[in-house]
Amino acid sequence: MKSLVQWTALALAFAGPTLATLPARFEKGSGLPFVPNKFIIEVDNLANIPDARKFFRSLDAVYSSLRKRGVGLDVDKEFDSAGLFTGASVTLRDVATVENIPGVKAIRPVVKVQPPKPQFSKRVFDKNDPAVPADSLSTHVMTGVDKLHAEGLSGKGVKIGMSVSTWS
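Mapping of the sequence shown onto mature numbering (1 follows the signal peptide of the UniProt record, and there is no 0): residues -20 to -1, 1 to 148, in sequence order.
1) Along the chain, where does the alpha helix (DSSP H) containing residue 44 start, and where does it finish?
2) Count Cβ pairs between the region 118 to 129 and the region 48 to 58 that sit closer than 8 Å; are there 3 or more?
3) Ignoring anything shorter than 3 residues or poking outside the region 38 to 112, list the beta strand (DSSP E) runs there in chain order.
4) Taking only the alpha-carbon atoms, compute the straight-line gap between residue -6 and residue 133 and give it to the nearest angstrom.
5) Report, in whole angstroms, the separation of the C-beta atoms of residue 70 and residue 14, which I expect to be a contact under 8 Å.
6) Mind checking whether residue 46 and residue 87 have CB atoms under 8 Å apart?
7) Distance check for residue 68 and residue 54, CA to CA, integer angstroms please.
8) Tell me whether residue 18 sits in a helix, a strand or coil according to DSSP, three-state version.
9) Closest by CA to residue 21, which one among 76, 63, 85 and 60?
10) Determine the DSSP secondary structure at residue 121, reduced to helix, strand or coil.
11) Using CA atoms only, rank isn't needed, just tell me which of 105, 66 and 98 is closest to residue 83.
12) Does residue 140 pass the burial test, meaning 16 or more other C-beta atoms within 10 Å, or should it be called exposed?
13) Applying the 10 Å Cβ sphere with the 16-neighbour rule, what's the burial state of residue 104?
Given below as structure tokens:
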């Protein structure tokens, strides 16, 4: 579930129109609107990447391998959360080469996600408009104060006294 939420957030962050150039394992007929040439690359731990001893980060080791192979890419955003996700959102054209780079765990296309359509929309110009709830403060609704207000109880005339005593 956590992974689904993360990928959805990443897809929303880099969403755009039309279909992308996709590697063979992604089906164009799936009906999903892929963003052209935008991908999220997941990178393995540095310890699992061969010949990566001279690098401090696993992303740098993968970038170096890509430069050696002449793959042009633009890094849009890096994600480096050890134990959770290490990778980058990139713009690139040669996806097949990137899939074969040591240290690349997965490469996923960025998918455009449409925002939900509003269920109800009305412009309110006056506080007495009937579309405005009588008591719309969320704290009042959560604690039941809105129900007391509906019964006509506002707390007017109520006095609260506090007595504090401490023993030392």
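Positions of the beta carbon are idealized from the N, C-alpha and C atoms, including for glycine.
Put simply:
1) 38 to 48
2) The region 118 to 129, when compared against the region 48 to 58, does not touch it at the 8 Å Cβ threshold.
3) 53 to 61, 65 to 72 and 84 to 91
4) Confidence at residue -6 is low in this model, with a pLDDT of 47, below 50, so the placement of that residue should be treated as unreliable; the coordinate-derived value is given next. So the alpha carbons of these two residues sit roughly 50 Å apart.
5) Going by Cβ atoms, the distance from residue 70 to residue 14 rounds to 14 Å, so no, they are not a contact pair.
6) no
7) 10 Å
8) strand
9) 85
10) helix
11) 66
12) exposed
13) exposed
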